[in-house]
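One structure below.
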Amino acid sequence: MPFTPDEWIEQLRQCQHLSENDMTILCDRVKSILLEESNIQPVSSPVTICGDIHGQFWDLIELLRKGGEVPETSYIFMARRFLVCVELGDFVDRGHYSLETVSLLFVLKARYPDRVTLLRGNHESRQITQVYGFYDECQQKYGSGTVWKACCSVFDFLSIAAIIDGSTFCVHGGLSPDIRTLDQIRVLSRSQEIPHEGAFCDLMWSDPDDIESWAVSPRGAGWLFGGSIAQEFNHINNLSIIARAHQLVQEGYKYMFDEQLVTVWSAPNYCYRCGNMAAIMTVHEDGGRSFKVYDAAEENERDKGGRRISFARGLEFSKGIGFEGIWIWISWWTF
């Protein structure tokens, strides 16, 4: 079968998912690109950093409207779910269109590999996607788990972090007590399911908090870390700031620790009911930072009355997954 990314981009922008054969071809192509990338992928400014998307497809389209289309804009996506675009992970789960969302990001990566950087988030795992909706969505749309398995095989090769101009460190979750230097991240084995504990797990799951040092995380995975930890990490590694995602922020972004760290959240009106704004952050060539804040896309109105998110299922707990459903409710009140 031919590799036709431009046609696939147009199809996906209409929120029409690709065929099973096309998805298999796409996943193989993206995986071959990711194999050449490092655990900490170097990126040059100007670049736009994006936080969690969580399968909210029309809000991803709105993000591209606000930030600029690829390849004119470069992006980093910090998965959960582009100048250069870095996406800080968590592309899938909870939204109505996780499949179309991750497919569009994969096609953009395949078509413009140097303009789109995809980072792994805690939802880019087999365990999590089986609980929070992506597995069920693939089963519903294809009648089998083939595409889900293909996507998960890509997740295993996503970079753990990115570094912009040697000074802005991008990671989905946060820091780890087992990691002091960037070189320790560079030697981690990333081509695997996210472990239940340890440095790799912590980078996906940890959160900043108004504490001095380290504390146990209520998520059941990762850690809470304070300002002194972030400041020390930045000093040791000659960094100006840590950019991360992973937590809902009502205003779309939030600085902490005297601007040693910033949280970027890119899923407006999270789960179609939270009422929050979303944001993307651009790092400019002179080192300056700017934000674009936006509301939910108008196209979401078409989905009213569609399928609902099951929060009862989201509250399930198993080792290595953590109390993430409970943390959502906490986040709504604390951010």
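In this text, residue positions in the sequence shown follow the UniProt record's numbering: the first is 1, and each later residue adds one.
Even glycine gets a Cβ: it sits at the ideal position worked out from N, Cα and C.
Bear in mind the structure is a predicted one, so any value in this text is a computation, not a measurement.
Item to complete: With a threshold of 16 other CB atoms inside 10 Å of the CB of valine 92, please say whether the residue is buried or exposed.
Response: Caution is warranted here: a pLDDT of 43 is assigned to valine 92, below 50, making its placement in the model unreliable, and the coordinate value is therefore given only provisionally. By the 10 Å Cβ count, valine 92 comes out buried.
Discussion item. Per DSSP, what are the beta-bridge partners of isoleucine 33 in this structure?
Written reply: In DSSP, isoleucine 33 forms no bridge with anything.
Worksheet item: DSSP state of cysteine 170, grouped into three classes?
Response: strand
Item to complete: Could you tell me which residues DSSP puts in a beta bridge with methionine 277?
Response: Methionine 277 is not bridged to any residue.
Worksheet entry | Same chain, Cβ closer than 8 angstroms to leucine 12, five either side skipped, listed in chain order | Leu18, Glu100, Ser103, Leu104 and Val107
Worksheet item: Once you ignore the five residues that flank isoleucine 211 on each side, which residues in its own chain have a CB closer than 7 angstroms to its CB?
Response: Leu224 and Gly226
Worksheet item: From valine 30 to serine 176, what does the alpha carbon distance come to, in whole angstroms?
Response: 28 angstroms
Discussion item. Classify serine 206: buried if its beta carbon has 16 or more other beta carbons within 10 angstroms, exposed otherwise.
Written reply: buried
Worksheet item: Alpha carbon to alpha carbon, what distance is there between valine 147 and proline 268?
Response: 27 angstroms
Item to complete: Look at the alpha carbon of phenylalanine 257 and the alpha carbon of serine 228, and state the distance between them as a whole number of angstroms.
Response: 8 angstroms
Item to complete: Work out the CA separation of aspartate 22 and isoleucine 9 for me, nearest whole Å.
Response: 12 angstroms
Worksheet item: Looking only at DSSP bridge pairs, what is tryptophan 214 linked to?
Response: Phe225
Practice prompt. Keeping to the same chain, check which residues put their C-beta closer than 6 angstroms to that of tyrosine 135; ignore five residues upstream and five downstream.
Written response: Thr129 and Trp148
Item to complete: Excluding the 5 residues preceding and the 5 following valine 236 in the sequence, name in chain order all residues of the same chain whose CB lies nearer than 7 angstroms to its CB.
Response: Looking at the sequence provided, one finds isoleucine at residue 236 rather than valine. These residues qualify, in order along the chain: Arg180 and Thr181.
Discussion item. If distances are taken between C-alpha atoms only, which option among Pro46, Leu34, Cys15 and Pro71 comes closest to glycine 288?
Written reply: Pro46
Item to complete: Alpha carbon to alpha carbon, how far is glycine 166 from cysteine 15? Give it in angstroms, no decimals.
Response: 37 angstroms
Worksheet item: According to DSSP, is threonine 4 helix, strand or coil?
Response: coil
Discussion item. Applying the 10 Å Cβ sphere with the 16-neighbour rule, what's the burial state of alanine 312?
Written reply: Any reading at alanine 312 must be qualified, since the residue scores a pLDDT of 33, below 50, and its modelled position is unreliable; the value itself is stated next. Label assigned to alanine 312: exposed.
Item to complete: Determine the extent of the alpha helix (DSSP H) in which isoleucine 61 is found, giving its start and end residues.
Response: 57-67
Item to complete: State the DSSP-derived secondary structure class of threonine 181, mapped to helix, strand or coil.
Response: coil
Discussion item. Quick check on DSSP: helix, strand or coil for aspartate 136?
Written reply: helix
Worksheet item: On the three-pair Cβ rule with 8 angstroms, is the segment 194-201 touching the segment 238-253?
Response: no
Worksheet item: Hey, would you say threonine 117 sits closer than 7 angstroms to isoleucine 76, going by beta carbons?
Response: yes
Practice prompt. Specify, as a first and last residue, the run of the beta strand (DSSP E) that arginine 289 falls within.
Written response: 289-294
Discussion item. Buried or exposed for histidine 123, going by 16 or more other Cβ atoms inside 10 Å?
Written reply: buried
Practice prompt. Pull up the distance between the alpha-carbon of leucine 261 and that of proline 2, whole angstroms please.
Written response: 44 angstroms
Worksheet item: For the alpha helix (DSSP H) that contains arginine 111, what are its first and last residues?
Response: 98-111
Worksheet item: Buried or exposed: aspartate 202, going by 16 or more other Cβ atoms within 10 Å of its Cβ?
Response: buried
Worksheet item: Which value, in whole angstroms, describes the spacing of the CA atoms of leucine 158 and cysteine 271?
Response: 25 angstroms
Worksheet entry | Of the listed residues Gln56, Glu7 and Met204, nearest to glycine 133 (C-alpha basis) | Gln56
Item to complete: Please name the residue in Cys170, Arg190, Gly173 and Pro42 whose C-alpha comes closest to that of phenylalanine 155.
Response: Arg190
Item to complete: Helix, strand or coil for isoleucine 128, going by three-state DSSP, please let me know.
Response: helix
Worksheet item: Would you call glycine 51 buried or exposed, if buried means 16 or more other Cβ atoms sit within 10 Å of its Cβ?
Response: buried
Item to complete: Report yes if the C-beta distance between glutamate 185 and valine 283 is below 7 angstroms; otherwise report no.
Response: The sequence given here places isoleucine at residue 185; glutamate does not occur at that position. Contact flag unset, no.
Fill in: Euclidean distance between Cα positions of aspartate 6 and arginine 111
8 angstroms
Discussion item. For the alpha helix (DSSP H) containing cysteine 201, name the first residue and the last one.
Written reply: 199-205
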